[in-house]
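Numbering (the working numbering), first residue to last: -14 to 375.
Shown next, in C-alpha cells, is the structure this report addresses.
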Ligand SMILES: NC(=O)c1ccc[n+]([C@@H]2O[C@H](COP(=O)([O-])OP(=O)(O)OC[C@H]3O[C@@H](n4cnc5c(N)ncnc54)[C@H](O)[C@@H]3O)[C@@H](O)[C@H]2O)c1
Ligand SMILES: [Zn+2]
Ligand SMILES: [Zn+2]
C-alpha cells in the first residue's frame, strides 16, 4: 500500500510499504477514506518528539471502511464506516475503567513502554503514528491501517453522513472539547484561549457550548483570528499588543477565569524567553518552548483554572511555578480521552449542534501529503486544516 513515511526533520515521503495484517484477535483492518494532518504531526515533522525511526508511517486522524475484523471482535462488521480515535485503549484496564483512555496501561507494548517510563515515571499509552514512545504503531496517513482493540475505539458512522462532518472526531474535536471541559466553566466566565489552530478553534466553540459568557482568543495570524471571531470570540494579536496587559484591561483588572494553552511546545514570538528556548532546542540543551504556557500562567486570574491540551514532550525551563502556586491556580492537561467523548459529540454533529467543516482549507490526494505538511507548517495563516484522500 501507499503511506506517508517519516525520514527525518522536514523529510516525509509517500512510499510503498507492506499492507497491514491482523496480528491480534481484537484487531481490525480499515481502508482509509479520509485522514488529516494535525498540529501534533508538526512536532514530529520538526523532530521535537524523540524515538521516531526512518520509515515510520505517520497519521493519527483517520476514518474509513472496515475491510477485515479479527475473531476477538464481535462488534465491528465488514463494510461499516468508522472513525478511529488516535488513542489506542484496551477498554479493560484500571484506567480505561475510569474512562481515562489516554492513560491505558495495555496498549503500549512492553518493549517500547520502558522509554516513556523513564521520561514520565509511568509508561505512555499507545497511539497511532506517533513515535516509538507510544508504541511505534503505523499511522493512518495511508491506504490501510491496523486498528488494535477495535472493539473499543472505532465508532460507527451512519450512512449518508459525509466523511468531513465526522473526521475530526478522531482527535481535534474531542481535544477542543476536553480542553474546555477541563476549564470547569462557571456561569459568567471569561475563557482565554492561546492558539487559533484547529485545537484552539474547537476549544473556543466548545467553551461557548459549555457555558462561557466570553471567550478571548490569542494568535498572530489574521485569518485564524478571523475564524475565532466567526465563532464569537474577541481576539488579541500577540504581534500587536502585550497579551497580559490586554487581558487585564478586557477583564476589568481581574484576568480571565480560565486559560487554555492550545499552542504546545513550539511557541512563536520574538520574546527573550522564547528566543532563549529556541537556541537551547537548536543545540540540544532543551526540548520544549513553553512561552505561551508561561504567559497563560501569568495572565490567569488568581484562583483561576489552566487547561493544557497543547502537547509538551520533555522538560521546560523557567517555568513560573511561583505564579502557579501563589495565585492558587488549578491545572488540568493530557492527551485526550477520545473514546469517552465520541458518542456525545457524534450525537451533537448529527443533531446539527456542532459543525466543524469550516476548518478545512485544503483537500489533497495522499500522494501530495508531503506538500500538505510543508504548507501546514509554512503557511499557517491560510492553511487551517489539510485533509488527505488516500
Ligand atoms: N492533547 C491532545 O490530545 C492533543 C490533540 C491534538 C493536538 N494537540 C496539540 O495541540 C496543539 C495545537 O494543535 P493544532 O493542530 O491546533 O496546531 P497548529 O500548529 O495548527 O496551531 C497552533 C497555533 O498556535 C499559535 N501560536 C503559536 N505561538 C503562540 C503564542 N505565543 N501565543 C498564541 N498563539 C500562538 C500559532 O500561530 C497557531 O495558529 C499542538 O501542540 C498539538 O500537538 C493535543
Ligand atoms: Zn491530531
Ligand atoms: Zn486500558
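Cβ coordinates follow ideal geometry from the N, Cα and C atoms, glycine included.
Source: prediction; values computed, not measured.
Ends of the alpha helix (DSSP H) at residue 306? Taken as a continuous stretch (DSSP letters only), the alpha helix (DSSP H) holding residue 306 covers 306 to 311.
Please name the residue, chosen from 95, 61, 125 and 58, that lies closest to residue 46 on a Cα-to-Cα basis. Considering only alpha carbons, the answer is 125.
Would a check of beta-carbon distances place residue -6 closer than 8 Å to chain D? This model lacks chain D altogether; it includes just one protein chain.
Go through the stretch 323 to 357 residue by residue and report every complete run of the beta strand (DSSP E) that reaches 3 residues or more, in order. If we require 3 residues or more, the beta strand (DSSP E) runs fully inside the stretch 323 to 357 come out as 347 to 350.
To the nearest angstrom, report how far apart residue 216 and residue 210 are at their CA atoms. Looking at the two C-alpha atoms, the distance is approximately 10 Å.
Consult DSSP for residue 363 and reduce its assignment to one of helix, strand or coil. The answer is helix: DSSP assigns residue 363 an H, G or I state.
Is it the case that the Cβ atoms of residue 158 and residue 19 are separated by a distance below 8 Å? Their beta carbons are not under 8 Å apart, which means residue 158 does not touch residue 19 by this criterion.
Please state the DSSP three-state secondary structure of residue 285. Looking at residue 285 - three-state DSSP - the assignment turns out to be coil, as it is neither helix nor strand.
Decide yes or no for the touch test of the stretch 350 to 364 against the stretch 192 to 210: beta carbon pairs closer than 8 Å, at least 3 of them. Put simply, the stretch 350 to 364 does not touch the stretch 192 to 210. Fewer than three CB pairs are less than 8 Å apart.
Excluding five sequence neighbours on each side, which residues of the same chain lie with their C-beta closer than 6 Å to the C-beta of residue 333? Excluding positions up to five away in sequence, the list reads 339.
Can you give the Cα-Cα distance for residue 219 and residue 202, rounded to whole angstroms? One Cα belongs to residue 219, the other to residue 202, and the distance between them is close to 6 Å.
If you run the structure through DSSP and keep just helix, strand and coil, what is residue 135? Coil, per DSSP.
Can you tell me whether residue 219 is helix, strand or coil according to DSSP? Residue 219 falls in the strand class under three-state DSSP.
Can you tell me the Cα-Cα spacing of residue 337 and residue 314, whole angstroms? Annotation: residue 337 to residue 314 spans about 35 Å, alpha carbon to alpha carbon.
For residue 348, collect the residues of the same chain with a Cβ closer than 6 Å to its Cβ; drop the 5 residues on either side in sequence, then sort them by chain order. Once the five neighbours on either side are set aside, the close Cβ partners of residue 348 are 372.
Segments assigned alpha helix (DSSP H), at least 4 residues, entirely inside the stretch 58 to 93: If we require 4 residues or more, the alpha helix (DSSP H) runs fully inside the stretch 58 to 93 come out as 79 to 82.
Cβ separation of residue -6 and residue 28, assumed to be a contact under 8 Å, to the nearest whole Å: Actually they do not touch by this definition, with Cβ atoms about 11 Å apart.
Just verifying my parser: in three-state terms, what is the DSSP assignment at residue 36? DSSP places residue 36 in coil when its eight states are reduced to three.
Which runs of the beta strand (DSSP E) spanning at least 3 residues fall entirely within the stretch 233 to 287, listed in chain order? Listed in chain order, the complete beta strand (DSSP E) runs (minimum 3 residues) inside the stretch 233 to 287 are 243 to 246.
So, using beta-carbon positions, are residue 70 and residue 320 closer together than 8 Å? The Cβ atoms of residue 70 and residue 320 do not sit closer than 8 Å to each other.
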